[in-house]
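**Student:** Which chain is which? The protein sequence lines are A and B, in order.
So the first sequence is numbered by the working numbering: it starts at 1 and just counts up by one.
So the second sequence is numbered by the working numbering: it starts at 250 and just counts up by one.
Following this message is one structure expressed as structure tokens.
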Amino acid sequence: MRVTLWPTCLGRQLFPGAGAAARRVLTRLGCEVDEPRAAVCCGQPAYNSGHTADAYRVAAGTLPALEDDGPLVLCSGSCTTMLARHWDDLFSGSELAGRAAAVSARARDFASFVVRDLGAEPRGMLEPCVAVYHDSCHMLRSLKERDEPRRLLASIEGLELRELTAPERCCGFGGTFSLRYPELSSAMADEKVDDALERGAEFFCASDLGCLMQIAGRAGERGVGLPGRYIAEVVDQAQASGERGADDG
Amino acid sequence: MTGSYDYAGSFAGRAGVALADPKLRAAVASATSRADGNRLAVLESLADAESLKDLAAEIRDAVLSRLDVHLDMLAETWEHNGGRIFFAAGARDASDYVARLATDRGITSAIKSKSMVSEEIGLNETLESAGVDVVETDLGEYIIQLAGDPPSHIIAPAIHMSKADVAELFSQSEGRALPEDAPALMAYARAKLRERFLSAGLGISGVNFAVSEEGALCIVTNEGNARMCTSLPPVHVAVMGMERVVGNFDELAVMLALLGRSGTGQKLTQYTTLLFGPRRASEADGPEESHLVVVDAGRTNILGTEYQEALRCIRCGACLNVCPVYRQVGGHAYDPVYSGPIGAVINPLLHDSPQAAELAHASTLCGACTEACPVRIPLDDLLLRLRRDYAARHASVTERALYAAWSRAWAGPRRYGAFSALGSLAGRLTGERSFKRLPLPVLGRWTKGRSFPGFTRSASSKEKR
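Given below as structure tokens:
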């Protein structure tokens, strides 16, 4: 299957490992992966701040780069939500509305694509470790994808996945909220960091790079050992060591 | 406590005051967690809570779409039952009417059960300046009245205070040490209030729902104080927001099934009171006069707009209890009256000011409020719309310029490539994978409390094997 993989702006600028890992996982699962180099951003930062015209300008600039036939896989539940839920509004009344709708209809978050569309359980193995999965609000409440990422992680041998005490509570990122109210946003992240540490997590895993930046950034500032990893990175590593294990055997 | 919150200033400033108060944060976090846990548990006991919420939203929408008809009918049925009704266009009209009720009759002592709209119209201040001594009889309201605080939660006005805070407050007021023991503190307040219940000339209450076909007012409490306020004094006045109407008792039953469950996690509150106007000749109890004040104060301006869904609200407080922002800062960070997600929506609609408008940003748009709302107000969508209004009317020149510059740079791959190259250069110059402090003015705010992963050296996530 031919797949367009878009690591999104955060992925390209700040987390290059996320897109690279997603590409390797999808390739191992038999996909032929293309990356839309000219795609920049879905417009969400400005859209969520009420600057709709600026959001439109950016989204309209990116739209042509995303036009294709096969599934469009994003390394972000949040950007997937922007396409699937808000592009309709953002492009309404514009000449690009039809083209935007066609792109939106193809948009899938990485975990959902692997579990639902490919019907795959990538499996693999890791050295014994304990992790928690952090639900991003968009994954959980907009896309209703609570189980898909957990199923991906549960298929990994050696990984003990624990539930946070308050998995449904926002980590305080909220896009520009994190810049408008940095102290408040950090206080919210603290609760998430504490929750993960109390559950004995060695690292946390997320489907959104914004949450990852928020929680890991706060943990880093506090100097507590709680690295964050994008879900495809964990799956990729597990697959790779699973393959090595198979070779050794 | 009120003094430290600057309502002419910004949400950020007030949030900062709250964040620096660990006792407040602990009190709010534990009370809201408990309330939300109770809500979820008791909703599970319903056969189909989701369908009931759909029905409740439909009922509220149907009322709002014919609100003029319902209010006309309410006036007719309420007057038929012997009550009097006053439609107040502004907050001041409403509070003046109540003050005149007292002064015209020479009443100097009033008792009051909990009412958020009375806070909205500044009723206590108006009464006091008219020489009427008014005392709050809901325990939480009694506490904050004594403390001189505004309410910090729609249904739990003293949520920001601990038991120890209350003991200290009561001890100061009484001039002797009272124990830090809830039953003892309640007994103290009850004894104080009893004298006032028996001597007041005016009883003031809010209204949870007015039933337009019946000319009846429904009030729910857990303390029974509304019954005393509405039946002991010779004059009763009820104050309601003009949208708080249902058509009939069937519709009321749906609302009541959700109100207690969503607000306090109770199937029903301890007391559900239905009032049908003043005492009739055949009745032993009740007031001689019953007045109903219907407050507009900006609500008409919301009807028929893209914000009308906000008027569905039944003031249960579930959105506050589930909100991760409210959890950190409590209610005083928002506004002296309505706080939390619903406050962030209705304050900008009721008050045309940049201070109120900013509240639309006091949310991560996580959507937990929308999920909790028993009448399905799409709170996060409404906040998003309000942010558009904010951007158009109140955003600073700097904010606009930043978004415009950003959108020009990111409108296509060419300039974006240059932007990435700049980031990559910054990364090389510092030679670090993560920044402790960012030199850029806006992004520098990120490193207030968080490290930053740093720009990548390559703008592409092309694999490097």
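Even glycine gets a Cβ: it sits at the ideal position worked out from N, Cα and C.
Predicted model, so just to flag it, every value in this text is computed and none were measured.
Taking C-alpha atoms, which residue in B:Gly547, B:Cys565 and B:Glu500 lies nearest to Gln515 (chain B)?
**Tutor:** B:Cys565
**Student:** Identify the residues that DSSP records as bridge partners of Ser358 (chain B): which are they?
**Tutor:** B:Asp382
**Student:** Where Gln577 (chain B) and Pro432 (chain B) are concerned, what is the direct C-alpha to C-alpha distance, given to the nearest angstrom?
**Tutor:** 28 Å
**Student:** Using DSSP's beta-bridge definition, name the partner residues of Arg162 (chain A).
**Tutor:** A:Val132
**Student:** Where does Thr479 (chain B) land, buried or exposed, given buried means 16+ other C-beta within 10 angstroms?
**Tutor:** buried
**Student:** Suppose you measure from the CA of Leu273 (chain B) to the CA of His409 (chain B); what does that come to, to the nearest Å?
**Tutor:** 5 Å
**Student:** Counting only Cβ-Cβ distances shorter than 8 Å, please list the residues of the stretch 209 to 229 of chain A near chain B, keeping chain order.
**Tutor:** Met213, Gln214, Ala216, Gly217, Arg218, Gly220 and Glu221
**Student:** Here's a check: name, in chain order, each residue in its chain whose Cβ is nearer than 7 Å to the Cβ of Val366 (chain B), leaving out the five neighbours to either side.
**Tutor:** Here the set comprises Gly455, Val488, Met489, Gly490 and Val544.
**Student:** Over the uninterrupted alpha helix (DSSP H) stretch that includes Gly250 (chain A), give me the two end residues.
**Tutor:** Absent from the structure is residue 250 (chain A), since the part of chain A shown begins at 1 and ends at 249.
**Student:** Any beta carbon of chain A sitting closer than 8 Å to that of Tyr391 (chain B)?
**Tutor:** no
**Student:** Give a yes or no on whether the minimum CB-CB distance between Ser78 (chain A) and chain B is below 8 Å.
**Tutor:** no
**Student:** What does Ala449 (chain B) touch in chain A if you count any residue whose Cβ is under 7 Å from its own?
**Tutor:** By Cβ distance, chain A contributes nothing, its closest Cβ being about 42 Å from Ala449 (chain B), past 7 Å.
**Student:** What are the complete beta strand (DSSP E) segments, minimum 3 residues, inside the stretch 15 to 103 of chain A?
**Tutor:** 32 to 34 and 72 to 74
**Student:** Please state whether the Cβ-Cβ distance between Phe177 (chain A) and Ser186 (chain A) is less than 8 Å.
**Tutor:** Contact flag unset, no.
**Student:** Near Arg151 (chain A), what residues of its chain come up, given a Cβ to Cβ distance below 6 Å and the 5 sequence neighbours on each side ignored?
**Tutor:** Val115
**Student:** Could you tell me which residues DSSP puts in a beta bridge with Asp317 (chain B)?
**Tutor:** In DSSP, Asp317 (chain B) forms no bridge with anything.
**Student:** Report buried or exposed for Ala413 (chain B), applying the criterion of at least 16 other Cβ atoms within 10 angstroms of its Cβ.
**Tutor:** exposed
**Student:** Report the neighbours of Tyr665 (chain B) on chain A: residues whose CB is nearer than 7 Å to its CB, in chain order.
**Tutor:** By Cβ distance, chain A contributes Val40.
**Student:** Excluding five sequence neighbours on each side, which residues of the same chain lie with their C-beta closer than 7 Å to the C-beta of Ala38 (chain A)?
**Tutor:** Ala65
**Student:** If you run the structure through DSSP and keep just helix, strand and coil, what is Tyr230 (chain A)?
**Tutor:** strand
**Student:** Would the beta-carbon of Val594 (chain B) fall within 8 Å of that of Leu635 (chain B)?
**Tutor:** yes
**Student:** Could you tell me the alpha carbon to alpha carbon distance between Ala306 (chain B) and Arg510 (chain B), rounded to whole angstroms?
**Tutor:** 16 Å
**Student:** I want to verify the contact list: residues of chain B whose CB lies under 7 Å from the CB of His51 (chain A), in sequence order.
**Tutor:** Ala640 and Tyr652
**Student:** Output the boundary residues of the alpha helix (DSSP H) element that contains Leu505 (chain B).
**Tutor:** Its alpha helix (DSSP H) spans residues Phe498 to Thr513.
**Student:** Short of 9 Å Cβ to Cβ, which residues in the stretch 153 to 183 of chain A face chain B?
**Tutor:** Answer set for the stretch 153 to 183 of chain A: Ala166, Glu168, Arg169, Cys170, Cys171, Gly172, Phe173, Gly174, Gly175, Thr176, Phe177, Ser178, Leu179, Arg180, Tyr181, Pro182 and Glu183.
**Student:** Do Val103 (chain A) and Leu63 (chain A) have their C-beta atoms closer together than 8 Å?
**Tutor:** yes
**Student:** Please determine, among A:Ala20, A:Asp89, A:Ala60 and A:Val193, the residue with the shortest C-alpha to C-alpha distance to Glu35 (chain A).
**Tutor:** A:Ala20
**Student:** Can you list, in chain order, the residues of its chain whose CB lies under 7 Å from that of Tyr346 (chain B), leaving out five sequence neighbours each side?
**Tutor:** Taken in chain order, the residues that qualify are Phe335, Ala337 and Val542.
**Student:** Specify the secondary structure class of Ala257 (chain B) as computed by DSSP and reduced to three states.
**Tutor:** coil
**Student:** Please state the DSSP three-state secondary structure of Ile408 (chain B).
**Tutor:** Looking at Ile408 (chain B) - three-state DSSP - the assignment turns out to be coil, as it is neither helix nor strand.
**Student:** Quick one: residues in its chain with C-beta nearer than 6 Å to the C-beta of Thr513 (chain B), no 5 flanking neighbours on either side, listed in chain order?
**Tutor:** none
**Student:** Any beta carbon of chain B sitting closer than 8 Å to that of Asp54 (chain A)?
**Tutor:** yes
**Student:** By the three-class DSSP mapping on this structure, what secondary structure does Phe525 (chain B) have?
**Tutor:** coil
**Student:** Is the Cβ of Phe15 (chain A) closer than 8 Å to any Cβ of chain B?
**Tutor:** Cβ-Cβ to chain B under 8 Å: yes for Phe15 (chain A).
**Student:** What residue does the alpha helix (DSSP H) around Thr613 (chain B) start on, and which one ends it?
**Tutor:** That residue, Thr613 (chain B), is in no alpha helix (DSSP H); it is neither H nor E in DSSP.
**Student:** Quick one: which chain B residues come within Cβ less than 9 Å of Arg2 (chain A)?
**Tutor:** Correct list: empty, because the minimum Cβ distance to chain B is about 18 Å.
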